[in-house]
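The numbers in the sequence shown follow my numbering, run straight up by one, and end at 458. We put the beta carbon where it would ideally sit given N, CA and C, even for glycine. One structure is given here, and the rest of the page talks about it.
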Amino acid sequence: MQISKRAWWVLGAVLAIVIFVILAVIAGRGAPTGENAELAQGESEILRARVVRILKEGVLDQGEVSQPYQVLRLEISSGPLSGQELTVEYGSLVFTN
362 MQISKRAWWV LGAVLAIVIF VILAVIAGRG APTGENAELA QGESEILRAR VVRILKEGVL
422 DQGEVSQPYQ VLRLEISSGP LSGQELTVEY GSLVFTN
């Protein structure tokens with residue numbers, strides 16, 4: 362039994378469509394979503410927050426360079442942590458040789 366060229370083309374097209382659908386299903390799974398979804402190591406998440414209070418601010422003297430810093434109290438306004446408050450230090454990294 363010999364299959365015609367047209368049958369090979371149809372079979373190839375059907376096979377390509379099946380492979381495409383399988384890849385689309387796999388890609389559609391993506392990362393878990395929802396409030397209880399945990400981030401994998403190295404992943405990050407962006408949350409909106411409001412500054413409740415500036416706890417401390419100043420300038421760190423690092424020799425030739427002055428580094429401004431702040432310690433802030435934030436209230437998270439979006440995402441799974443909405444309504445919670447946290448303290449954030451910004452600009453307080455000390456550089457060493």
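Beta-bridge pairing of residue i - partner residues as DSSP gives them
{"i": "Ser365", "result": "Answer by DSSP bridge pairing: none, since Ser365 is not bridged."}
{"i": "Gly419", "result": "Tyr430"}
{"i": "Val449", "result": "Leu433"}
{"i": "Arg414", "result": "Arg434"}
Proximity winner among the options, relative to residue i (alpha-carbon distances)
{"i": "Arg411", "options": "Ala388, Leu447, Lys366", "result": "Leu447"}
{"i": "Gly444", "options": "Glu436, Glu450, Tyr451", "result": "Glu436"}
Neighbourhood of residue i by C-beta distance below 7 Å, restricted to the same chain and skipping five residues each side
{"i": "Arg434", "result": "Val413, Arg414, Leu416, Glu446, Thr448"}
{"i": "Tyr451", "result": "Tyr430, Gln431, Leu433"}
{"i": "Gly373", "result": "none"}
Whole-Å CB distance - residue i paired with residue j, under 8 Å assumed
{"i": "Leu454", "j": "Leu408", "result": "No, Leu454 and Leu408 are not in contact; Cβ-Cβ is about 21 Å, not under 8 Å."}
{"i": "Glu418", "j": "Gln428", "result": "Not quite, the Cβ-Cβ distance comes to about 12 Å (not below 8 Å), so this is no contact."}
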